[in-house]
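Undergrad:
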Amino acid sequence: MVAPPGTENASDRGPGTFERPLATLREAQRRARVAAAKGDRDVAVVLRSGTYRLSEPLRFDAADSGRDGHTVTWRASGGAAVLNGARPVTGWQLDDAEKGIYKAHVGTGFDTRQLYVDGVLAQRARIRLARTDITLNPTGFTLNNPDLAYLATVPDQQRIDFQAMQSFTNRFVPVQSISGMTVVMQQPAWDNNTYGYDALQAPFRAPTYFLLNSRHFLDEPGEWYLDTTTGTLYYKPVPGQDMRRARVELPHLESLLQVGGTYDEPARNLRFQGLTFTGTTWLHPSSPDGYASQQTGVFISGVQPDRPADAFTSCAVGCRGFEASRNGWAQAPAAVQVSAVDGVSFRDNTFVNLGSIGLGIGNDANAHATGVGLGAHDVSVVGNTFTASAGGGIMVGGVRPDAHHPSDPRMVNSDIHISDNRLYASVLEYLDQDPIFASYVTRLTIAHNYIDGAPYTGIGIGYGWGANDPGGSPEYLDRGLYDFQPIYQTPTTLSDVRVVGNHVRNVVQTMFDAGCIYTLSAMPGSTIEENFCESSGQLGLYFDEGSRYLTVSRNVFIDTAEQWAHANNQNGNRTGDLTLIDNYATNPAITGIVDGSRGNVTRGNVIITAANPPIEASRVMYRAGPTGPYRGPADPNRPPVGAVLSADPASVSPGGTTTVTATVENIGDEIASGLTAAIAVPDGWRAVRTGPAPRPRLAPGGTQKVSWQVTAPASFATPVARAAVTARMGFLAGQTRYELTRMLYVTAVTPLTSMVGYGSVPSQFGEADDRFAILTSGADIWQDAGGAFDEYGTVYRDAAVGATSTVTARVTAMENTNPWAKAGVAIRNDLTGAGTSPGYAVMVVTPGNGVAFQWDANGNGYLDSFSGVGGVRAPAWVRLVRSGSEVSGYYSTDGITWTKVGPTVNLAGIAETQDAGLIATSHAAGVTGEFSFSDFTVTP
Numbered sequence: 023m024v025a026p027p028g029t030e031n032a033s034d035r036g037p038g039t040f041e042r043p044l045a046t047l048r049e050a051q052r053r054a055r056v057a058a059a060k061g062d063r064d065v066a067v068v069l070r071s072g073t074y075r076l077s078e079p080l081r082f083d084a085a086d087s088g089r090d091g092h093t094v095t096w097r098a099s100g101g102a103a104v105l106n107g108a109r110p111v112t113g114w115q116l117d118d119a120e121k122g123i124y125k126a127h128v129g130t131g132f133d134t135r136q137l138y139v140d141g142v143l144a145q146r147a148r149i150r151l152a153r154t155d156i157t158l159n160p161t162g163f164t165l166n167n168p169d170l171a172y173l174a175t176v177p178d179q180q181r182i183d184f185q186a187m188q189s190f191t192n193r194f195v196p197v198q199s200i201s202g203m204t205v206v207m208q209q210p211a212w213d214n215n216t217y218g219y220d221a222l223q224a225p226f227r228a229p230t231y232f233l234l235n236s237r238h239f240l241d242e243p244g245e246w247y248l249d250t251t252t253g254t255l256y257y258k259p260v261p262g263q264d265m266r267r268a269r270v271e272l273p274h275l276e277s278l279l280q281v282g283g284t285y286d287e288p289a290r291n292l293r294f295q296g297l298t299f300t301g302t303t304w305l306h307p308s309s310p311d312g313y314a315s316q317q318t319g320v321f322i323s324g325v326q327p328d329r330p331a332d333a334f335t336s337c338a339v340g341c342r343g344f345e346a347s348r349n350g351w352a353q354a355p356a357a358v359q360v361s362a363v364d365g366v367s368f369r370d371n372t373f374v375n376l377g378s379i380g381l382g383i384g385n386d387a388n389a390h391a392t393g394v395g396l397g398a399h400d401v402s403v404v405g406n407t408f409t410a411s412a413g414g415g416i417m418v419g420g421v422r423p424d425a426h427h428p429s430d431p432r433m434v435n436s437d438i439h440i441s442d443n444r445l446y447a448s449v450l451e452y453l454d455q456d457p458i459f460a461s462y463v464t465r466l467t468i469a470h471n472y473i474d475g476a477p478y479t480g481i482g483i484g485y486g487w488g489a490n491d492p493g494g495s496p497e498y499l500d501r502g503l504y505d506f507q508p509i510y511q512t513p514t515t516l517s518d519v520r521v522v523g524n525h526v527r528n529v530v531q532t533m534f535d536a537g538c539i540y541t542l543s544a545m546p547g548s549t550i551e552e553n554f555c556e557s558s559g560q561l562g563l564y565f566d567e568g569s570r571y572l573t574v575s576r577n578v579f580i581d582t583a584e585q586w587a588h589a590n591n592q593n594g595n596r597t598g599d600l601t602l603i604d605n606y607a608t609n610p611a612i613t614g615i616v617d618g619s620r621g622n623v624t625r626g627n628v629i630i631t632a633a634n635p636p637i638e639a640s641r642v643m644y645r646a647g648p649t650g651p652y653r654g655p656a657d658p659n660r661p662p663v664g665a666v667l668s669a670d671p672a673s674v675s676p677g678g679t680t681t682v683t684a685t686v687e688n689i690g691d692e693i694a695s696g697l698t699a700a701i702a703v704p705d706g707w708r709a710v711r712t713g714p715a716p717r718p719r720l721a722p723g724g725t726q727k728v729s730w731q732v733t734a735p736a737s738f739a740t741p742v743a744r745a746a747v748t749a750r751m752g753f754l755a756g757q758t759r760y761e762l763t764r765m766l767y768v769t770a771v772t773p774l775t776s777m778v779g780y781g782s783v784p785s786q787f788g789e790a791d792d793r794f795a796i797l798t799s800g801a802d803i804w805q806d807a808g809g810a811f812d813e814y815g816t817v818y819r820d821a822a823v824g825a826t827s828t829v830t831a832r833v834t835a836m837e838n839t840n841p842w843a844k845a846g847v848a849i850r851n852d853l854t855g856a857g858t859s860p861g862y863a864v865m866v867v868t869p870g871n872g873v874a875f876q877w878d879a880n881g882n883g884y885l886d887s888f889s890g891v892g893g894v895r896a897p898a899w900v901r902l903v904r905s906g907s908e909v910s911g912y913y914s915t916d917g918i919t920w921t922k923v924g925p926t927v928n929l930a931g932i933a934e935t936q937d938a939g940l941i942a943t944s945h946a947a948g949v950t951g952e953f954s955f956s957d958f959t960v961t962p
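Numbering (the numbering used here), first residue to last: 23 to 962.
1) With a threshold of 6 Å on Cβ separation, who are the neighbours of R520 within its own chain once the five nearest residues in sequence on each side are excluded?
2) In terms of alpha-carbon separation, which member of T409, L516 and Y767 lies closest to S673?
3) Under three-state DSSP, which class holds G486?
4) Roughly how many angstroms separate the alpha carbons of S640 and P662, rounded to a whole number?
5) Compare the Cα-Cα distances from F373 to each of T407, N388, V401 and S367 and report the closest residue.
6) Flag this pair as touching only if the segment 467-482 and the segment 490-505 have three or more C-beta atom pairs under 8 Å; answer yes or no.
7) Among P784, P431, T763 and P160, which one has its Cα closest to the Cα of S336?
8) Spatial neighbours of S963 within its chain, please: CB distance less than 7 Å, with the 5 preceding and 5 following residues excluded, ordered by chain position.
9) Could you name the residues that DSSP lists as bridge partners for K121?
10) Which residues in the same chain as P841 place their Cβ atom closer than 6 Å to its Cβ, once the five residues preceding and following it in sequence are excluded?
11) Express the C-alpha separation of P496 and E567 in angstroms, rounding to a whole number.
12) With DSSP collapsed to three states, give me the class of R70.
13) Can you tell me where the alpha helix (DSSP H) with Y644 in it begins and where it stops?
14) By alpha-carbon positions, which one of V270, E934 and V686 ends up nearest to G906?
15) For T303, I'd like the list of residues in its chain whose CB is within less than 7 Å of its CB, leaving aside the five on either flank, ordered along the chain.
16) Quick check for students: name the residue ranges of the beta strand (DSSP E) that lie wholly in the segment 520-563, counting only runs of 3 or more.
17) Just tell me which of A544, D213, N524 and Q531 has its CA closest to the CA of C555.
18) Would you say P718 and G696 are within 8 Å of each other, going by their C-beta atoms?
19) If I follow the unbroken beta strand (DSSP E) through R342, where does it start and stop?
20) So Q51 is in the alpha helix (DSSP H); what residue range does that whole segment cover?
21) With a cut-off of 8 Å, do at least 3 Cβ pairs link the segment 686-703 to the segment 715-731?
22) Of the choices D118, A346, K121 and G931, whose alpha-carbon is the least far from that of D505?
23) What are the partner residues of N106, as DSSP defines its beta bridges?
24) Report the residue from A879, G664 and P735 whose alpha carbon sits nearest the alpha carbon of T725.
25) Indicate whether the contact test is met: 3 or more Cβ pairs, each with one atom in the segment 885-893 and one in the segment 826-845, closer than 8 Å.
26) Out of P773, P722, G141 and R711, which one is the CA nearest neighbour of A739?
27) Where are the beta strand (DSSP E) runs, 3 residues long or more, that stay fully inside the segment 582-631, in chain order?
28) Straight-line CA distance for E451 to D86?
29) Output the boundary residues of the alpha helix (DSSP H) element that contains R501.
30) I need the DSSP call for S336, collapsed to helix, strand or coil.
31) Taking 8 Å as the threshold, find out whether the segment 815-825 comes into contact with the segment 937-955 through three or more Cβ pairs.
32) Tell whether a beta-carbon distance below 8 Å holds between V900 and G846.
33) Under the three-state reduction of DSSP, which class applies to A942: helix, strand or coil?
34) Kindly list the residues whose CB is nearer than 6 Å to the CB of F334, restricted to its own chain and excluding five residues on each side of it in sequence; keep chain order.
35) Could you check which residue in D90, Y540 and P307 has the C-alpha nearest to that of A211?
36) May I ask which residues mark the beginning and end of the beta strand (DSSP E) holding A684?
As structure tokens, this is what we get:
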């Protein structure tokens, strides 16, 4: 046993017992080596509770290994055994009473980019720059705002950083000098950040700019600055913070634990359990290299010999020279580094307040202080916590050639198991990094982790953009990459990946081009199953360039801001061979993945509402995240009982009735007791329970149903009325009382009286006064290389259009089932002739793409030609004008002033008389939307 410094009776000359522990970790390591070398037993080094402040990282190699199947364990005895790379800061004095700034003397001879105050990563002093404040140029930028002229007088200019938060890159460049209104940046940092994709001068999204790290910028609570010349630390407390009591930690080390041998002699059979790793920084971004982020903790480093002289313009969005840099990209180092190992585990540890990535496993050699990268075999990471750090949580694998096509088979990273960990409220500075990221690994399992709060992707898998897969990538052939590397004919080491049962929430909160789960490149034999993703700021699943050979099933996506699944298959990318089966999503959009195209399979995926998920979806949600002893406290949003409401029939006429049934199932492992159920309906509607009340006890796996008869009012003033029917179920499981609410809409439709309805997909139609509604789904009304679709609902008049006619209507409202959902007016020889009838034209409004005039140019019965105007949404008027065989489309925002859209066209096969009507499609197969109209006229 070893004890923290200052412990009574601790001595390196003692026996190392609880009563007489060792005084240093170094001596504990020496004795463990001797004991392990005998190979006759397991060895344990037990750390008593307390803080161990390291003056240098702990390094473990083959000499520290367990022998002959035995294990060497380093573990805490109970409480917190803290390995700390920081020094405490005390002795604070008020420096500037007016500004509320304090100072403390911390000594010289070191630097840091991080400071932790009361467990919070403090913000380096900064000011925000408006985009108009500066103009970028090949050497830096000029200051356009005269209020910034003072920067030329600021001392220690080379310690100032320029930060740019862009789409998928978060870049840092140190200043070289500021003279007048000219800012010159350090090299090669500036060159490397103005090179490639999402570069400083050509961001893929509007950037946010800051200048950081000057005493003159220290003006906001929670900010700090270190004067390395005088050894003075400045800090402005947040409200309520007393600097006499504040816990302030100033990092001195960049890593804490380095585990790794060589390929000939790896470190083996080591376990680290119950430890806390804290108090590091990462200084490389302060070097002349800066941080030329490329994605997920990977950055350009050093002078690039193939960068052309005019790269600021010629390479702003990629170029041949940029492709030359790829195989030399570097990775951010971790506080805990593991490479060239076999049989290492991390269990029940805490990674907190770290200056970069928490745990790096088998990264490239440049990210390991041992100088040996890759070669991580049989590594498990179970039950750990990662939080409140500057960078990502876990990074597995390398990105350089030996990572994907190793020159020595012992370099392969394999059999990595990451499960039951909690990663939350982290990735606070290097925003392009992920809580969990793995590049090239053979047999990787990421299972039942909890991820909450990330600026970018939650779980990222794969690297290389498909360029290193067999046969290469046509896009990267065009870019010139293969002038600098071979076109590989063998697979990479990335295969057999399992991403199963994870709970990922509140991701893509700052950056862009990301999702809950993100993939790159081919990964044969891989699965993404039964994960629960909620509240992504962009995508659910993102299959980026070259993603292939993935089976995705039974995942649940709640409240994703954009598509629940998207594949980037543009520009020759070989993205495909994706199988998406039986997934659940509240956002109906899926793009780039067409059943039967590129080897893709999409089948059985269900669009749901968060208010009424199917029981199978509830089961996935409940079981996602850490399991067993790692599950954590009861989550009222993921109860152990699932319930779903159904209505039969789903819609009624005025005065009609439907039966609403709540199906309840115990999806947990304990008996649910005290079960109650009640229903609420809007005013004017009536609900009466039919059948018995719910039984009070429900065993695991048990189900029961409770039903009510719901009756609509006798009449409505609108074509369609939706009644929110809410059921509330209460029950007790274990010691927790749950209240479960489910809601569905029962639709009442006032029948058509003046026109008739037709749907090429199931549709409903309503009419009240001169207002109409169409409830319909439909993949689209369009034909192109992606397929032929004519799926719609229409309310129409038969033979209403003659040789000279005008058809007009107002689209009053439409549901955003897809940005390309359509609602408007249509003419056609026969509006019931879906996919066959010619003379077809529509003028429609969309939720996200303005208005569109579409027509059938070749008379084959499908719309195939298009003109559009952006920026227009419902409510808006639309009009078709026919003169002989010629047809034109118009729109208006006020019903008075009309704007023509596109050309006047000749409709092939147009008949003497045609049907005219209102038309709608949800542009989301199987997803019903409601589309409302008024003021429909056909003249003359």
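In this text, a Cβ means the ideal position worked out from N, Cα and C, and glycines have one as well.
TA: With the structure as the only source:
1) T467 and T549
2) Y767
3) helix
4) 9 Å
5) T407
6) no
7) P160
8) Not covered by the structure: residue 963. The range shown for the chain is 23 to 962.
9) Its beta-bridge partners do not exist; DSSP assigns none.
10) P869, G870 and N871
11) 11 Å
12) coil
13) I637 to R645
14) E934
15) T134, R135, Q136, P273, E276 and G377
16) 525-527, 537-541, 544-551 and 554-556
17) N524
18) yes
19) No beta strand (DSSP E) holds R342; the alpha helix (DSSP H) holding it covers R342 to E345.
20) L47 to A59
21) yes
22) A346
23) R75 and T300
24) G664
25) no
26) P773
27) 587-589, 598-603 and 623-625
28) 34 Å
29) P496 to R501
30) helix
31) yes
32) yes
33) strand
34) P160 and T216
35) P307
36) T679 to N688
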